[in-house]
């Protein structure tokens, strides 16, 4: 048994069931070892941004890490943006990075030599370079343990090629994984008291608290106390929809956030940091908690927010469910295709239990008002703001949940970053429908250009934010990667194509020209 | 005048004529300032790997830096692989990275907050964060000076949004740029003596030495002394072809390198490091200079290798040119399309002065034997081994040299990394012909799998190195980005399509099924 085999066996013993990879020469022995491990699936991505983004999507849906198999410093670097989003999501990810053999490391002039530790460090909570083939299995157990530390960490193990190909001692035993810590004693009672104080209060939730058990407990608390229940704009995963208690999304732009939080006297944080704006703007505050509003922490991100919410509901005697969101099945729209019309179609046709990877930015504003009343579904957001997330998230979510329909809704600009995801969806026959909101622009930047007081820009500036000339043809792009695709230019087109996609299985793409 | 305007003016005053960008909200003021600066062209890439790779290609052809305009830590990270190649090429690149406003930096929970210095450092020779709008112009002069330090550096300036939007004092004066240093006195005479010693000797050249003046001087030295003239496998740029002296390329695989260098008693380094293998292999040496072969440095990478070669030729009284490579215009092949047939077609039809971005890896082995006798041309190689270079290099080279035909020859696997380049080529109507060597695999990894003694792999392993199922359709992919494309399945197809591409201007793509 060589080092790679001992590592793969250890990872499988530790519960890892998926290896997403974009391997090269230094990972060949790892890939060979996958052949002998039936418990771990191997899925190829044609760009590392697909691999890390899919690992994030998989982690959000399973709570478990996948392996992202990456090729030296530059390969890891191609995956950093995806890992940045995963880090902000609290997703567990195990990176296995092949490195030059230790004997080769001294040749810093070799083309692929780089400061690999320096490249990996900024996005890794845990980082270690394996010494040799005798220690790689033990390191494998440790990297999984590190990734699973609550709420979820980016754990990176560098494996020199000789640590993979040299003889090893066998697999290492899995290490214990601690679940999220309970909140400190007294906190629940203190928050209960605050909720009963009569002050205007909101719960701001993040992480597991935004999934069913947390949202339902929060709903009971809201029904009992009148508190509002909110999640931040770029939450990792939110379970919502008809039959669930309502949960407000904090808006994107600074002035909208201020408006949405106005009048609050208490903000109770459940796994969430205090709200700040996405960017700073001249003369506008980044800190948006209203003046005089008290911040009270119920649970830190590494603590058991769901358990705390359930205990809090109990402490409050909050047994009555919140009034559920009523199912909305709007009539199918006709005429011009707008984001609002898209939202109506989706709301009408979305199957129960769907997973929605949402990176539509400006288009979401039209979709969100209706889709929140579609049958219950999970939404995955762009937690770290590193665009190009929706297609990889959807890929990973579909690998995690083969029995649920997955929907990626993305702007055309963002989708271009990681369009290679479509090929993996085709190869694995994943049940993902991708909707490209083709506004032919980095539309949010046109908005920002105006908001920043910089006018509408001259021709040269506008060209830097446009995707015109030439127009992207997403039907061809998807077809080039083996994904069936169509273009919708009217609401009727979109309704027909979306209906067809929802009624069939397998990858599909709709270019919605809005 | 705001900070962004003072910066853009300073960059233009310092000789920067091109800004390749993938901007976001934090770069909006910079983009606006471009509007007011007619000396600087703005070119949009839809992914940062296109931007940094094109900046590298531009630098290799002009010797001058372009600006790569990048969006915070994740945006920079997406460009790291391209910067890794640029760094290995000795290419000057000026990165301008928009960052959060300084007032926002304390909010480390903002989605796009990251360890931006940590992300930029590993690939930056020079790295600085601007303090405010009054210092940004001076920093702009310094970042250009740093980038132009011989042989060329990666220089990165972080510009907080408020340093761009606040009032500035005006542009800063350009700073002096020192050319490459002359070699130490005595070195030329010492090398001349070594060359006349009767020992078997080769010149190993890199950087500017591989361009016309250097290659011609090396040719005269070879004609006088019998020395061989070589360049390393992944050279930044080599001028070669009919009418030029011959120059040998060191091969890729360890055992081939050993064979090619066997018997050498002296290796004279001209801007090149001693040769090492690309990867290490079990039981094979990484250090491939033959035992007992003396390494003699004529010029370090930061020194004037061309000047040293010219002086050396003079010291040797080497006035006679090397016998030039004879022009080869092979008959057009017919029948099955192979990489060898592709090479014959290219050799027959390549126009004089073309620029060839070569990332075909396994296919190059068939193309190279003939194309080295095509009319003179420049070849750009994948200096850092971070795949996905050819399409961006070609994009930057075409921006640099609008009057020369540019040819990108890439494997299908590598081209998928940065396929967004095609859109920029279409938008800017660049005269680039892209040839995709569609072998439907990471073919080099199949070779490495066998070479590493790991057998041919099981089904799962082979699938991780295959691009089958589904097959990529490059005609659709290119069409989706506005580039005219065709598929060649026979030698006749390829000849007809290549002839058409060579006789017209503008972007074209040929998918060569081999």
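Chains as they are written, first to last, in this note's numbering: chain A, 1 to 514; chain B, 515 to 1028.
Ideal Cβ positions, reconstructed from N, Cα and C, are used throughout, including at glycine.
query: So residue 748 of chain B and residue 566 of chain B are supposed to be a Cβ contact under 8 Å. How far apart are they, rounded?; result: Wrong, their Cβ atoms sit about 17 Å apart, outside the cutoff.
query: Would you mind reading off the limits of the beta strand (DSSP E) that contains residue 511 of chain A?; result: 508 to 513
query: Can residue 629 of chain B and residue 587 of chain B be called in contact, C-beta distance under 8 Å?; result: yes
query: Give the DSSP bridge partners of residue 99 of chain A, in chain order.; result: A:160
query: Shortest alpha-carbon distance to residue 935 of chain B belongs to which of B:1016, B:543 and B:536?; result: B:536
query: So with CB distances below 8 Å, who are the chain B contacts of residue 452 of chain A?; result: 539, 542, 543 and 679
query: For residue 849 of chain B, which residues in the same chain have their Cβ closer than 7 Å to its Cβ, ignoring the five residues on either side in sequence?; result: 1004 and 1005
query: Just checking: is the beta-carbon of residue 668 of chain B within a distance shorter than 8 Å of some beta-carbon in chain A?; result: no
query: Curious, which full-length alpha helix (DSSP H) runs of at least 4 residues does the region 583 to 656 of chain B contain?; result: 586 to 592, 594 to 603 and 630 to 634
query: What residues from chain B crowd round residue 151 of chain A, counting only those whose CB sits closer than 8 Å?; result: Residues of chain B passing the Cβ test: none, with the nearest at roughly 14 Å.
query: What in chain A is Cβ-close to residue 790 of chain B, meaning under 7 Å?; result: 107, 109 and 110
query: Going by the beta-carbon positions, is the gap between residue 316 of chain A and residue 347 of chain A smaller than 8 Å?; result: no
query: Just grab the DSSP bridge partners of residue 924 of chain B for me.; result: B:873 and B:950
query: Quick check on the DSSP output: the alpha helix (DSSP H) that includes residue 861 of chain B runs from which residue to which?; result: 853 to 863
query: In three-state DSSP terms, what is residue 708 of chain B?; result: helix
query: Please identify, using Cβ separations under 9 Å, the residues of the region 999 to 1023 of chain B that lie next to chain A, in order along the chain.; result: none
query: From the DSSP secondary-structure annotation, give me the bridge partner or partners of residue 822 of chain B.; result: For residue 822 of chain B, which the question treats as bridged, DSSP gives no partner whatsoever.
query: Going along chain B, which residues have a C-beta under 8 Å from residue 344 of chain A?; result: Simply none; closest approach about 28 Å.
query: Identify the contact partners of residue 410 of chain A in chain B, using a Cβ-Cβ distance below 8 Å as the criterion.; result: The premise fails here: residue 410 of chain A is roughly 13 Å from chain B at the closest Cβ pair, so nothing lies under 8 Å.
query: If you drop the 5 nearest sequence neighbours on each side, which residues of the same chain put their C-beta closer than 6 Å to that of residue 404 of chain A?; result: 353 and 355
query: Have a look at the DSSP bridge pairing and note the partners of residue 1002 of chain B.; result: B:1026
query: CB-CB under 7 Å to residue 702 of chain B, same chain, minus the five flanking residues each way: which ones, in chain order?; result: 822, 825, 826 and 829
query: At a CB distance below 9 Å, what residues from the region 827 to 838 of chain B approach chain A? Give them in sequence order.; result: none
query: In this structure, how does DSSP classify residue 364 of chain A when only helix, strand and coil are distinguished?; result: helix
query: Cβ of residue 443 of chain A less than 8 Å from any chain B Cβ?; result: no
query: Is DSSP giving residue 555 of chain B helix, strand or coil here?; result: strand
query: Counting only the same chain and skipping the five closest in sequence on each side, list residues whose C-beta sits under 8 Å from that of residue 933 of chain B.; result: 905, 991 and 995
query: Can you give me the C-alpha to C-alpha distance between residue 542 of chain B and residue 449 of chain A, rounded to a whole angstrom?; result: 7 Å
query: Check whether the Cβ atoms of residue 559 of chain A and residue 83 of chain A lie closer than 8 Å to each other.; result: Absent from the model: residue 559 of chain A. The displayed extent of chain A is 1 to 514, so no value can be given.
query: Just how far apart, CA to CA, sit residue 32 of chain A and residue 961 of chain B?; result: 14 Å
query: Residues in the region 36 to 59 of chain A with C-beta within 7 Å of chain B's C-beta atoms, listed in sequence order?; result: 42, 44, 46 and 47
query: Verify the CB distance criterion: does residue 448 of chain A have a CB-CB separation below 8 Å to chain B?; result: yes
query: So that I know if they touch, is there some Cβ in chain A lying closer than 8 Å to that of residue 748 of chain B?; result: yes
query: Shortest alpha-carbon distance to residue 95 of chain A belongs to which of A:132, A:85, A:140 and A:135?; result: A:140
query: Grouping DSSP H, G and I as helix and E and B as strand, with all else coil, what is residue 744 of chain B?; result: strand
query: Per DSSP, what are the beta-bridge partners of residue 297 of chain A in this structure?; result: A:269
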